[in-house]
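Worksheet: the structure to be examined is printed underneath.
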Amino acid sequence: MSEKQQTENEATEEELLSARVKRLQVPREALRDYLDRMRPGRRCTFCETGLYEAAPAPNGGTAGLVSTPVPHISGLGVWFYSATCTICGDTRLFHANMVRNAMSEEH
Ligand SMILES: [Zn+2]
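Positions -7 to 99 (the numbering used here) are the ones given, in order, by the sequence shown.
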C-alpha cells in the first residue's frame, strides 16, 4: 500500500467514525427516557435504593459513550451508553446501536 493510499484510507475511516459518533450522540434526557421506559423508576437492582442515571459525555449535554475493542480486529469496537446508580455506583452498559434504533422507532 502506498503512503497516499494509506492516508486516504485513514481519512475514510476517520469520516466513518465521525458519522457513527454523530448518530450516537443523543441528549442525556433521551437516554434517561429510554431507561425509564425499560425500567420505570430506574431503581438500582444492586442496592435497590438509588436510581440509574445516564452518564454524561465529558463535554456535557449528551449521553456518554464508551467503547470496547474487539479482540484481534484493529479499528473495530462495540459501543455502549452507560448508566450509574446514584447511591452505590452499580453501572450498566447498553448497546448503543440497539438503544439508538429503539429511540428512532419510538415516535
Ligand atoms: Zn445502587
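Yeah, the Cβ is synthetic: ideal placement off N, Cα and C, and Gly gets one too.
Between Ala46 and Ala88, the C-beta spacing is not below 8 Å. The three-state secondary structure of Ala11, taken from DSSP, is helix. Counting only beta-carbon distances shorter than 5 Å to the non-hydrogen atoms of ligand 1, the qualifying residues in chain order are Cys36, Phe38, Cys39, Gly42, Cys77, Ile79, Cys80, Asp82. Between the alpha carbons of Leu27 and Arg34 lies a distance of about 6 Å.
Across the set Leu9, Gly81, Lys14, the C-alpha of Lys14 shows the shortest separation from the C-alpha of Ala55. Boundaries of the beta strand (DSSP E) around Glu45: 44 to 46. Annotation for Leu85: no alpha helix (DSSP H) segment contains it, though the beta strand (DSSP E) segment containing it runs 83 to 87. In this structure, the alpha-carbon of Leu85 lies about 19 Å from that of Thr41. The criterion of a C-beta distance shorter than 8 Å is not satisfied by Met95 and Ala49. Taking each of Glu97, Leu57, Gly69 in turn and checking the Cα distance to Leu16, the smallest one comes out for Leu57. DSSP, read as helix, strand or coil, puts Thr37 in coil.
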